[in-house]
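Residue numbers (the UniProt record's numbering), protein chains in the order written: chain A, 1 to 209; chain B, 1 to 209. Note that beta-carbon positions come from the ideal geometry of N, C-alpha and C, so glycine has one too. None of the values given here were measured: they were computed from a predicted structure.
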DNA sequence: CGTTGATATTGTACCCGGTAAATATTTTCG
DNA sequence: CGAAAATATTTACCGGGTACAATATCAACG
C-alpha cells in the first residue's frame, strides 16, 4: 500500500545512513552530532530518529539481526540428524566461501571493526545486539522459554563468533594477512563450537528431560 | 597523609551511595535524577561525579571489579597442579559456603538483580563490566597479551557465571526456593566450567605452542 | 599561629542524545 | 477533488555528562 511512498522512505533512510557513515569516517563517531547528520541529509533531527532509534544504529544497523537471521534459517533448514551446532559450523564455512563479511576478513572489514572498537558507545550497542542474538538463538535451539543450558550454549556460540572476529581483525591489523586472519577465525570457531557441542552432548547423556 | 580528610571522603562517598540506593529503590533507576541525589546528599552534582563516574556506578560500584579480584587471588594462590579453571570452580564452592552474594541466592540478592534487570542502562553497564572482567581474567590465565583461546575461555567463564546467576534468580522468582536456585546455579556453573576445561585441555594436547 | 600549597567542592555554563506533543505536509484512495 | 492517514517538522524540553574557573577546606610547615 503506497509504492511511491515506500520508495521514498527507503531512499530517505539510505540517504541518512550514507551521509552519517561518511561523516563518521571523516571525523569520528562521537565528533559528529545528530544535528549535523540531519542537516547534511536535509531532514530534521526527529526524522533521523524516526528511522534510527539510536545514534549507534546508524552504523550497526541490523548487524546482529542479520546474523541471527542466518542462524535461524540454517538451523531450520538443516538436514535430519545434523545437530544445530554442527549446522552452524557448516554455515560459517559456507559464508567463508561466499566471502561474506561475517566470515571473511580483509582491509575493509578490519577498518570497519577497528572503527567500531574505537567508540565506547558503539561497542556497548554491539554488546547489546550480541545479547539479543544470543537470546534469539537460545529460543531457536530450545523453543520459547529456553532453559539455562540452552541459554548458556547460545551465549557461548555468540561469544565464540565475537571473540573469533576480534582475533581475526587483530591478526589482520598486526600481520596484514587476510589468509592468516581467516585461519585464526576458523580455528577459534572450531574450538568454541566443539566445546559447546560437547557440553550439550554431555548433558543429553547425563539427564533425560 | 590527611586522616581526617580521608575519613570525610569515605563518609561523603558512602552517604551519596546510600541516599542514591534508597531513592532508586523507592522509585526506579531512571526516575531519579542526579540533581535529586545531589540535593538529598547535600552535595553538588559535580561532587557526585567526583565519586562516581557514571550514574550506573551508584548501583554497580565494583560488582565486577570485586569478582575479578576474587578470581585473581584464587588463581594465584592455587595449589600446584590444580588447573586455573578447577580452582575457580572450587572458589565458587567456597563462596557458597560463606553465602557470599556472588554464589548465594535469596530474597535479597534476587531483589537486587531484578532491579538491575529492569533498567536497560544498568544492564548495559553490567555487560561492560563483564567484558572488563573477562579481559582481566584472560590476562590472569595467559599473561599480558593473551591469545584468542585464552580470551575465549575467559569470556566463557564470565558468561557462565552470568548466565548461571540469571537462571538462579529466575528460578528463585518463580519457585521461591533458595535451595533450588542455588542448585540451578551450580549445575550451570559445573557444565559451563567443564566445557571450558575441556576446550583448553583439547587445545593443549592438539597443538604445542 | 598564620601562611602556603594541595585537594575537595562548588557554580556556571554548556553540549548532546533523546523524548513529547502539537503542527504542517504529503500521499493515498474513495 | 477532498478527507483520512501517514510522515515530517517545529518547538520545547529533560537529564546525564563535561569543561573550566572560582572557592572552600584541610595539612603541613616555619
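DSSP state of residue i mapped onto helix, strand, coil
{"i": "residue 154 (chain A)", "result": "helix"}
{"i": "residue 33 (chain B)", "result": "coil"}
{"i": "residue 196 (chain A)", "result": "helix"}
{"i": "residue 11 (chain A)", "result": "helix"}
{"i": "residue 108 (chain B)", "result": "helix"}
{"i": "residue 92 (chain B)", "result": "helix"}
{"i": "residue 42 (chain B)", "result": "coil"}
{"i": "residue 56 (chain A)", "result": "coil"}
{"i": "residue 50 (chain A)", "result": "helix"}
{"i": "residue 61 (chain A)", "result": "coil"}
{"i": "residue 181 (chain B)", "result": "helix"}
{"i": "residue 145 (chain A)", "result": "coil"}
{"i": "residue 67 (chain B)", "result": "helix"}
{"i": "residue 118 (chain B)", "result": "coil"}
{"i": "residue 166 (chain B)", "result": "helix"}
{"i": "residue 191 (chain A)", "result": "helix"}
{"i": "residue 101 (chain B)", "result": "helix"}
{"i": "residue 72 (chain A)", "result": "helix"}
{"i": "residue 28 (chain B)", "result": "coil"}
{"i": "residue 81 (chain A)", "result": "coil"}
{"i": "residue 136 (chain A)", "result": "helix"}
CB contact below 8 angstroms: residue i versus chain B
{"i": "residue 184 (chain A)", "result": "yes"}
{"i": "residue 128 (chain A)", "result": "yes"}
{"i": "residue 195 (chain A)", "result": "yes"}
{"i": "residue 59 (chain A)", "result": "no"}
{"i": "residue 140 (chain A)", "result": "no"}
{"i": "residue 16 (chain A)", "result": "no"}
{"i": "residue 1 (chain A)", "result": "At residue 1 (chain A) the pLDDT is 47, less than 50, meaning the model places this residue with poor confidence and gives no usable figure here."}
{"i": "residue 209 (chain A)", "result": "Only weak support exists for where residue 209 (chain A) lies, its pLDDT of 41 falling under 50; the coordinates are left without a value."}
Contact list for residue i against chain B, beta-carbon separation under 9 angstroms
{"i": "residue 161 (chain A)", "result": "In chain order: nothing, as chain B lies at least about 10 angstroms away."}
Exposure label - residue i; buried when at least 16 CB within 10 Å
{"i": "residue 177 (chain B)", "result": "exposed"}
{"i": "residue 179 (chain A)", "result": "exposed"}
{"i": "residue 33 (chain A)", "result": "exposed"}
{"i": "residue 77 (chain B)", "result": "exposed"}
{"i": "residue 156 (chain B)", "result": "buried"}
{"i": "residue 69 (chain B)", "result": "exposed"}
{"i": "residue 208 (chain B)", "result": "With a pLDDT of 42 at residue 208 (chain B), under the threshold of 50, the predicted position of this residue should be treated as unreliable, and no value is reported."}
{"i": "residue 92 (chain B)", "result": "buried"}
{"i": "residue 18 (chain A)", "result": "exposed"}
{"i": "residue 1 (chain B)", "result": "Confidence in residue 1 (chain B) is poor, its pLDDT being 49 and thus under 50, which makes the residue's placement unreliable; the coordinate value appears in the next sentence. Exposed: under 16 other Cβ atoms inside 10 Å."}
{"i": "residue 138 (chain A)", "result": "buried"}
{"i": "residue 9 (chain A)", "result": "exposed"}
{"i": "residue 191 (chain A)", "result": "buried"}
From the options, residue whose alpha carbon lies closest to that of residue i
{"i": "residue 96 (chain B)", "options": "B:192, B:199, B:186 and B:197", "result": "B:186"}
{"i": "residue 140 (chain B)", "options": "B:85, B:127 and B:118", "result": "B:85"}
{"i": "residue 108 (chain B)", "options": "B:168, B:147, B:131 and B:70", "result": "B:168"}
{"i": "residue 117 (chain B)", "options": "B:98, B:80, B:170 and B:52", "result": "B:170"}
{"i": "residue 25 (chain A)", "options": "A:70, A:79, A:82 and A:112", "result": "A:112"}
{"i": "residue 39 (chain A)", "options": "A:93, A:91, A:174 and A:12", "result": "A:12"}
{"i": "residue 16 (chain A)", "options": "A:93, A:31, A:44 and A:144", "result": "A:44"}
{"i": "residue 125 (chain A)", "options": "A:56, A:46, A:202 and A:196", "result": "A:56"}
{"i": "residue 152 (chain B)", "options": "A:115, A:142, A:195 and A:149", "result": "A:195"}
Within-8 angstroms CB hit, residue i to chain A
{"i": "residue 80 (chain B)", "result": "no"}
{"i": "residue 124 (chain B)", "result": "yes"}
{"i": "residue 156 (chain B)", "result": "yes"}
{"i": "residue 167 (chain B)", "result": "yes"}
Partner residues on chain A for residue i, Cβ-Cβ distance less than 8 angstroms
{"i": "residue 188 (chain B)", "result": "148, 149 and 152"}
{"i": "residue 191 (chain B)", "result": "149, 152, 199, 202 and 203"}
Amino acids of chain A, ordered along the chain, whose beta-carbon sits closer than 9 angstroms to that of residue i
{"i": "residue 92 (chain B)", "result": "Neighbours of residue 92 (chain B) on chain A: none; closest Cβ ~15 angstroms, over 9 angstroms."}
Interface residues of chain B facing residue i [CB-CB closer than 8 angstroms]
{"i": "residue 131 (chain A)", "result": "127"}
{"i": "residue 56 (chain A)", "result": "Going along chain B, no residue has its Cβ under 8 angstroms from residue 56 (chain A), so there is no contact; the nearest lies around 11 angstroms."}
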